[in-house]
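> As given, the protein sequences belong to chains A and B, one line each in that order. Read in the UniProt record's numbering, the first sequence has 101 at position 101, and its numbers run on one by one without any break. Read in the UniProt record's numbering, the second sequence has 103 at position 103, and its numbers run on one by one without any break. C-beta atoms are modelled at their ideal positions from N, C-alpha and C, and glycine is treated no differently.
Protein chains: 2
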Amino acid sequence: MTQHVLGVKEFPIQQFMLFPEHPGTPNTVRSVSMRSSLAGVSGATPTEEMNGAGNLMDFLDEPFPDVGTYEDFHTIDWLREKSRDTDRHRKITSKSKESIWELIKSLLDAWSGWVVMLLIGLLSGTLAGVIDLAVDWMTDLKEGVCLSAFWYSHEQCCWTSNETTFDDRDKCPQWQKWAELMTGHAEGAGAYVLNYFLYILWALLFSFLAVSLVRVFAPYACGSGIPEIKTILSGFIIRGYLGKWTLLIKTVTLVLAVSSGLSLGKEGPLVHVACCCGNLFCSLFSKYSKNEGKRREVLSAAAAAGVSVAFGAPIGGVLFSLEEVSYYFPLKTLWRSFFAALVAAFTLRSINPFGNSRLVLFYVEYHTPWYMAELVPFILLGVFGGLWGTLFIRANIAWCRRRKTTQLGKYPVLEVIAVTGITAVLAYPNPYTRRSTSELISELFNDCGALESSQLCDYINNPNMSRPVDDIPDRPAGPGVYTALWQLALALIFKIVITIFTFGMKIPSGLFIPSMAVGAIAGRIVGIAVEQMAYHHHDWIIFKNWCRPGADCVTPGLYAMVGAAACLGGVTRMTVSLVVIMFELTGGLEYIVPLMAAAVTSKWVADAFGKEGIYESHIQLNGYPYLDVRDEFTHRTLATDVMRPRRNDPPLAVLTQDSTTVEDVETLIKDTDYNGFPVVVSRESERLIGFVQRRDLTLAIKNARQKQDGVVSSSVVYFTEDAPQLPASNPQPLKLRRILNLSPFTVTDHTPMETVVDIFRKLGLRQRCHVSLCLRRRLLGIITKKDVLRHMAQMMNQDPESIMFN
Amino acid sequence: MTQHVLGVKEFPIQQFMLFPEHPGTPNTVRSVSMRSSLAGVSGATPTEEMNGAGNLMDFLDEPFPDVGTYEDFHTIDWLREKSRDTDRHRKITSKSKESIWELIKSLLDAWSGWVVMLLIGLLSGTLAGVIDLAVDWMTDLKEGVCLSAFWYSHEQCCWTSNETTFDDRDKCPQWQKWAELMTGHAEGAGAYVLNYFLYILWALLFSFLAVSLVRVFAPYACGSGIPEIKTILSGFIIRGYLGKWTLLIKTVTLVLAVSSGLSLGKEGPLVHVACCCGNLFCSLFSKYSKNEGKRREVLSAAAAAGVSVAFGAPIGGVLFSLEEVSYYFPLKTLWRSFFAALVAAFTLRSINPFGNSRLVLFYVEYHTPWYMAELVPFILLGVFGGLWGTLFIRANIAWCRRRKTTQLGKYPVLEVIAVTGITAVLAYPNPYTRRSTSELISELFNDCGALESSQLCDYINNPNMSRPVDDIPDRPAGPGVYTALWQLALALIFKIVITIFTFGMKIPSGLFIPSMAVGAIAGRIVGIAVEQMAYHHHDWIIFKNWCRPGADCVTPGLYAMVGAAACLGGVTRMTVSLVVIMFELTGGLEYIVPLMAAAVTSKWVADAFGKEGIYESHIQLNGYPYLDVRDEFTHRTLATDVMRPRRNDPPLAVLTQDSTTVEDVETLIKDTDYNGFPVVVSRESERLIGFVQRRDLTLAIKNARQKQDGVVSSSVVYFTEDAPQLPASNPQPLKLRRILNLSPFTVTDHTPMETVVDIFRKLGLRQRCHVSLCLRRRLLGIITKKDVLRHMAQMMNQDPESIMFN
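Next up, the structure:
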């Protein structure tokens, strides 16, 4: 069994060197050395002379502009980023001893991490608050308007009302439905149809605006964003994905999409928004903007802040980032994430969008403990959650693949309009789907108190019974509850079907809320069923021990919560972070066991049908080069089976240290599309001395041609420490040792792939090369991250061509 | 800045190969090849023939008994353990397709991890409950006895009493102090002296028993255990440290030590006890007992269960294990730790040792929010905590070093008796030190309710004021509070001094409770001061905004809690887990900001004086080979500066693949004390083919001499795939390819040490070797974990000789 390293949270290597454990048969290497030159080791130009230890560091000094940056859709080199940061830090520390000003600068640098966290917390908290307020207002706008101030939501409008009970408050005179406002009639078939029509119209308007904005201004703003953020955090570059435009457009369109009543949530997109904030603030500090590794530390923390504001659960947010999103998660990031998540949560609380001073999205308080026997329905809910997760992932991926491959994908606006139309038409008649999904979940989670006026709490009260506020015994269900059950069952089917088609459309769409809604509906139905069974059959053995007549044994709201956790777990395969988020919602350790039982069951059931959660499935669908830490690699293949070139492939493209001309290099760059090239001593010995990046090579040659006199196509490129003193008639040599990585990673060809995969996950080299160990120090081949992914996919019988990027 | 990888949580390499990036000067290698032999590649004995891919796996099949196990005080090879587990798993999976019985066995195997977790949770929860009950009873035994049933503690004794108020209950007639029982007088100087005397006597008896038991039966049961567990989890073998005897003796002596009234807690030792449980249950399943890597996964989870029962904080326990204790923490372990921690917490709750159905050790409920201005005293408490942490660590380490190096260390029993005597003599007169430390902390944390009768709540009430139960306005302090303040100040000084001398004695001693007590006392004093200031100076600008007359603005109990967090943070440098544990105690997100402010300040202040927490300091003091993930390595040295042999050292001891005799090998093993030897092709070419462990070599030769005919001292040892066909007159060859590791780790000599340290932390190879890259494929030298630690210590100007083990 391979061990699942905690979200690997370490440097992934991108490429790999390989050397044979045995003297192997000679392997032809396509060397571009066209001229044989007697590279003397003496005669260095004094200006270029370096001592051995300094070489690598000089390489990090970025001798040419842009050397050390990455191209779009390429993977970063974690170890290089780290070593650049260490170098930068070293410089600052040594400078800080020189003057007070430098000391202050070094202190500012040390604190910049915390400043970035503070800013991320403040901005993402503020944005979340604004989004909440706007969504509230616009959701209600679909039904009516506040006469006293049109920018008030239904709830805010009626705050000032004089009605005291909750029920009456809902019908305060300041708030008017559209039909009432337009025709003066609040009731009747005409009013209903008019309201229905306007509801659909508003929904279509919102969703049209959302999809148009996304298409025109920021195509990256669509979807949940979590699959892409996972990929970015694992070291991939997607330029613009976390840009300012994406931030702005995603915030606006998220409000529109959620308000349109589509079956989607704001949690995933909020993580994306928070990461955009993180990226924005990174650009303020060169420490983060110039180092892709450090930037990813900030982004991990930003993701935590995103979940923190989405649910009001800072600890859960940090664990979510740790468990689900992040790839490299050092202890320092843990602490900073926590800080960012807390700042964000408190900023949100200060804005107080829910008007109740509560931090959490669904605040619940239960008054009854749970009993052992209830574990049976809880585990059944877990099974349901696992099945739902499997069904949803399979159906959604199938639909998304269809969208990608057929005509359907060409009309994203029409698709969104159509789905919104269907959603609105079907949702309006059912009171449980008409309202916003988070309101629905909130009501389902709620325990029926004495003052509750909801249809779900329509129980028949015993008139002789005194009614304490909290501890209400189980009662027989009234007609309202039965109606509610039917409506909920219909809502369940509707939600299950529509969510499959909604997730993946070209608008911001989160998955947490719809998944939780499905679970909460199922859970509440089960809860009411158990409650009524317990009430009507006190004498059954299972109820006898814990449910005396007149006691409050069953809390249907708890079932809803357990169901929500189960369904969310089935879809995302979150475990610890899910339970912690739920724990933060209830605030009591009391209910951790039911939640855990359901979450574990759901994960096991779902895992039995397929190991991948929805995010991993979408990563695979999109072909991102993501090396999942949870994929177990248990095959007995060796490095030699995976390395390139294969037996019948053309030989490996390498450079020689002192016999390649500029022209040769340019030809090689033009003819191949490799990310970099190993440098060997000579064509004959094929001994590896280092690895050079394609991008660095291109930039260095371009720079030299422009700025350095005498560098022409026939100039020899030297990777040695010293270039030979050439006669003046010869073209000037080009010395490129500074862009050479002198410590590439090597393994023998007999190394099990298991170890190779492990090293790829845990170390962050991008350089690739392999060196023969015996007789001749030959390069046997190269293993890149792409090779590893392709091999793993082959081993798992998946489509190897789905990995598109290198 | 080096990144702190989350508790590294990955495989650390133990040793390392090195090869030069350049053709270096020839380096003499002390080869033990005394005979030159023409090792033919043909002529393999058919029985020994293996295919290339199978080699490594065959090596894992443990060809000889004990091959693949480790000696005491050696470090494990994480990658080898992992690869063995993968192999085992692969076997079970392939077998499971054969029959239903094998399928059931494979399912049982897959579930054994969860079973172990369940058992650990149950046993550690039970033990914690028993310890709590026993400590309660024995602590009270020092003062008196219950007449109705001598095995009742004071509180249990008075439960059945008829007195209703809390104050009277304390003085129930069934409970008699010793003086009252013996002389019949409860009051007066004589009774006081007699009680005093008996208190000291009991304390001495308990501590004498504790230290004697530890000395006679289980020397490893002393101390907190966390430094050693950290070291064990990082891959070190300390046989018996987690054994059955240690478990039994530590449990018993922990009760005795805590009851004796010494300034120590049970939290650290509980982690040790839980880990012993983990180790115990590991031995039930060969999956865990035979694999040191898998065993460490279980131990990480057990540590989480230990903290979970110590504080009643399961999430905090998991985070503690993650942040503070564990080294390799895969996602699977996260989830299992959580399960174990929950089971343990619920087992403890079922035992209900505190008699209040509460899970947490210090349950608190505050009724007032905190105000922004209060952050100033909170941060001051953080500074105090940091200073206390620094003082404590320095003084304690100095004292422990003194104990190790001087005569003092030879009389552990006397030392314990002396410290107990002093503690008891000084503690009895002060009511705040006389009682158990956890009771003290509990009282200090408490908010003064209306029914509180404690001296700390002796405020002057306004007679005209109606007294609501919860929301009591600030009141002037009465004489009781002033007396309490003096006593607390004395208690603070006493605790600070005595804890320094207590921690590290030869009895089980935890550090959490004494640290928290120091912080809680300081915090409460500050809290009362602020409260009285706010009451008497309503008109000061800082109080004006938030503290109107008659309002309840300041909660001194919250200050105590913040102080406790600050001091604990200063000593242990915990951050997130500390805040989460505190959050679980209060159960409200409300107070996270004050706690975090104090914890961060305390960590920063303490870090300014020295990066190491108390556990790291003790690890260093004891010279354990622990590669701390939080040590930043920012020096510019290269692998070549660290490798052995150095320039003037004797050459590297290597074996040749086909020209070494059994006698040569035995001589080499006798003459050197290396953990293993590189195997090269021949003395001339010095090309590396693999690495062989000393232990495996010894075992293999011993085994061959006993069982294989014809193997004598002059037999040639072959590490090649095939041994040549020798004439019958020659001694039989010994084929040892199966114990050869064919994929040792190599780096070039120009690799920065930063990268090497990183690789050591993140991968788990134990093999060492280095190979020259150019011209000749030579081994340049070896870097072992020991070398790395020594180098890091040198770079930090620490005592390099303190690393004792290899």
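What does residue 346 of chain A reach in chain B if we use C-beta pairs closer than 8 Å?
Looking up residue 346 of chain A in the first sequence gives position 346. Under the 8 Å cutoff, chain B gives 593.
> Within 10 Å of its beta-carbon, does residue 468 of chain B have 16 or more other beta-carbons around it, so buried, or fewer, so exposed?
Along the second sequence, read from residue 1 onward, the residue named residue 468 of chain B stands at position 468. Because residue 468 of chain B sits at a pLDDT of 49, beneath the cut-off of 50, its placement in the model cannot be relied upon, and the following sentence gives the value as read from the coordinates. Looking at its Cβ environment, which holds fewer than 16 other Cβ atoms inside 10 Å, residue 468 of chain B is exposed.
> In chain B, what lies closer than 8 Å to residue 338 of chain A by C-beta?
As a position in the first sequence, residue 338 of chain A is number 338, starting the count at 1. Those are 575, 576, 579, 596, listed as they occur along chain B.
> I think residue 112 of chain A touches residue 514 of chain A, with their Cβ atoms under 8 Å apart; what is that distance to the nearest whole Å?
Here residue 112 of chain A refers to the residue found at position 112 of the first sequence. Here residue 514 of chain A refers to the residue found at position 514 of the first sequence. About 39 Å; that fails the 8 Å criterion.
> Examine the Cβ distances between the stretch 252 to 259 of chain A and the stretch 203 to 212 of chain A and report whether three or more of them are shorter than 8 Å.
Flag = yes, the stretch 252 to 259 of chain A and the stretch 203 to 212 of chain A touch.
> Mind pulling the chain B residues with CB within less than 8 Å of residue 323 of chain A?
On the first sequence, residue 323 of chain A is found 323 positions in, with the first residue counted as 1. Chain B residues near residue 323 of chain A: 331, 334.
> Tell whether a beta-carbon distance below 8 Å holds between residue 321 of chain A and residue 300 of chain A.
Here residue 321 of chain A refers to the residue found at position 321 when the first sequence is read from its first residue. Here residue 300 of chain A refers to the residue found at position 300 when the first sequence is read from its first residue. Yes. Within cutoff.
> Note down, one range per segment and in chain order, each alpha helix (DSSP H) of at least 4 residues found wholly within the stretch 488 to 548 of chain A.
Taking only runs of at least 4 residues, the alpha helix (DSSP H) segments lying wholly in the stretch 488 to 548 of chain A are 512 to 536, 541 to 544.
> Examine the Cβ distances between the stretch 310 to 318 of chain B and the stretch 560 to 571 of chain B and report whether three or more of them are shorter than 8 Å.
With the cut-off at 8 Å, the stretch 310 to 318 of chain B and the stretch 560 to 571 of chain B do not touch.
> Pick helix, strand or coil for residue 486 of chain A, following the three-state DSSP scheme.
Here the question's residue 486 of chain A lines up with position 486 in the first sequence. Helix at residue 486 of chain A.
> Name, going along the chain, the residues of the stretch 305 to 322 of chain A whose beta-carbon falls closer than 9 Å to a beta-carbon of chain B.
Residues 312, 313, 314, 315, 318, 319, 322.
> What does the alpha-carbon distance come out to for the pair residue 291 of chain A and residue 245 of chain A?
Numbered from 1 along the first sequence, position 291 holds the residue referred to as residue 291 of chain A. Numbered from 1 along the first sequence, position 245 holds the residue referred to as residue 245 of chain A. Answer to the nearest angstrom: the Cα atoms are 22 Å apart.
> List, in order along the chain, the chain A residues whose C-beta lies closer than 7 Å to that of residue 342 of chain B?
The residue given as residue 342 of chain B occupies position 342 in the second sequence. Under the 7 Å cutoff, chain A gives 592, 593, 596.
> Could you give the distance in angstroms between the alpha-carbon of residue 44 of chain B and the alpha-carbon of residue 694 of chain B?
Start at 1 with the first residue of the second sequence, and residue 44 of chain B comes out as number 44. Start at 1 with the first residue of the second sequence, and residue 694 of chain B comes out as number 694. Residue confidence for residue 44 of chain B is low, a pLDDT of 34 falling below 50, so the modelled location carries little weight; the figure read from the coordinates is stated next. Their backbone Cα atoms lie some 26 Å apart in a straight line.
> With 16 as the cutoff for other CB atoms within 10 Å, does residue 582 of chain B come out buried or exposed?
As a first step, residue 582 of chain B is located in the second sequence; it is residue number 582 there, counting from the start. Per the 10 Å Cβ criterion, buried.
> For the stretch 408 to 445 of chain A, list the alpha helix (DSSP H) runs that are entirely contained and at least 4 residues long, ordered along the chain.
As far as the stretch 408 to 445 of chain A is concerned, its whole alpha helix (DSSP H) runs of at least 4 residues are 412 to 427, 431 to 434, 437 to 445.
> I'd like the list of long-range same chain contacts for residue 368 of chain B, defined as Cβ closer than 6 Å, with 5 residues on each side in sequence excluded.
Walking along the second sequence from the start, residue 368 of chain B turns up at place 368. Closer than 6 Å at Cβ, skipping near neighbours: 552, 555.
> For residue 371 of chain B, does the three-state DSSP call read helix, strand or coil?
For the purposes of this step, residue 371 of chain B is taken as residue 371 along the second sequence, with counting starting at 1. Residue 371 of chain B falls in the coil class under three-state DSSP.
> Once the 5 residues before and after residue 267 of chain A are set aside, which same chain residues still bring their CB inside 6 Å of it?
Here residue 267 of chain A is taken as the residue at index 267 of the first sequence, counted from 1. The answer, listed in chain order, is 310, 510, 512.
> For a quick check, are the C-beta atoms of residue 129 of chain A and residue 348 of chain A less than 8 Å apart?
Here residue 129 of chain A is taken as the residue at index 129 of the first sequence, counted from 1. Here residue 348 of chain A is taken as the residue at index 348 of the first sequence, counted from 1. Cβ atoms of residue 129 of chain A and residue 348 of chain A: closer than 8 Å.
> Considering only residues of the same chain and omitting the five flanking positions on each side of residue 362 of chain A, which have a CB-CB separation below 7 Å?
The count along the first sequence starts at 1 and reaches residue 362 of chain A at position 362. For residue 362 of chain A, where only same-chain residues beyond five positions count, the Cβ hits under 7 Å are 441, 442, 445, 585.
> Residue 660 of chain B bridges to which residues according to DSSP?
Position 660 of the second sequence, counted from the first residue, corresponds to residue 660 of chain B. DSSP, once it has assigned bridges, lists B:717 as partnering residue 660 of chain B.
> In terms of residues, what are the limits of the beta strand (DSSP E) holding residue 678 of chain A?
Along the first sequence, one-based indexing puts residue 678 of chain A at 678. It spans 676 to 680 - the beta strand (DSSP E) in which residue 678 of chain A sits, taken as one unbroken run.
> If we require 3 or more residues per run, which beta strand (DSSP E) segments fall completely within the stretch 110 to 196 of chain A?
List check, beta strand (DSSP E) in window: 144 to 146, 175 to 177.
> Excluding the five sequence neighbours on either side, which residues of its own chain have a C-beta within less than 6 Å of the C-beta of residue 663 of chain A, listed in chain order?
Counting from one through the first sequence, the residue named residue 663 of chain A turns up at place 663. Excluding residues within five positions, the ones whose Cβ falls inside 6 Å are 713.
> Please state the DSSP three-state secondary structure of residue 75 of chain A.
Taking the first sequence and counting its residues from 1, one reaches residue 75 of chain A at position 75. The answer is strand: DSSP assigns residue 75 of chain A an E or B state.
> Can you tell me the Cβ-Cβ gap for residue 597 of chain A and residue 382 of chain A, rounded? I've got them flagged as a contact below 8 Å.
For the purposes of this step, residue 597 of chain A is taken as residue 597 along the first sequence, with counting starting at 1. For the purposes of this step, residue 382 of chain A is taken as residue 382 along the first sequence, with counting starting at 1. About 6 Å; that satisfies the 8 Å criterion.
> Report yes if the CB atom of residue 522 of chain B is closer than 8 Å to the CB atom of residue 492 of chain B, and no otherwise.
Start at 1 with the first residue of the second sequence, and residue 522 of chain B comes out as number 522. Start at 1 with the first residue of the second sequence, and residue 492 of chain B comes out as number 492. Yes; because the gap between Cβ atoms is below 8 Å, this pair is in contact.
> If you reduce the DSSP assignment to three classes, tell me which class residue 312 of chain B lands in.
As a position in the second sequence, residue 312 of chain B is number 312, starting the count at 1. Coil.
> Hey, is residue 672 of chain A's beta-carbon within less than 8 Å of any beta-carbon in chain E?
Absent from the structure: chain E. Protein chains present are A and B.
> Beta-carbon separation of residue 242 of chain B and residue 275 of chain B under 8 Å?
Within the second sequence, residue 242 of chain B is the residue found at index 242, counting from 1. Within the second sequence, residue 275 of chain B is the residue found at index 275, counting from 1. Contact: yes.
> Helix, strand or coil: how does DSSP classify residue 790 of chain B here?
For the purposes of this step, residue 790 of chain B is identified with residue 790 of the second sequence, where counting begins at 1. Residue 790 of chain B falls in the helix class under three-state DSSP.
> Do residue 519 of chain A and residue 447 of chain A have their C-beta atoms within less than 8 Å of each other?
Translated into the one-based positions of the first sequence, residue 519 of chain A becomes position 519. Translated into the one-based positions of the first sequence, residue 447 of chain A becomes position 447. No, the Cβ-Cβ distance between residue 519 of chain A and residue 447 of chain A is not below 8 Å.
> For residue 486 of chain A, count neighbouring C-beta atoms within 10 Å of its own C-beta (all shown protein chains included) and say buried if the count is 16 or more, exposed if not.
Within the first sequence, numbered from 1, the residue matching residue 486 of chain A stands at position 486. The residue is exposed, with fewer than 16 neighbouring Cβ atoms inside 10 Å.
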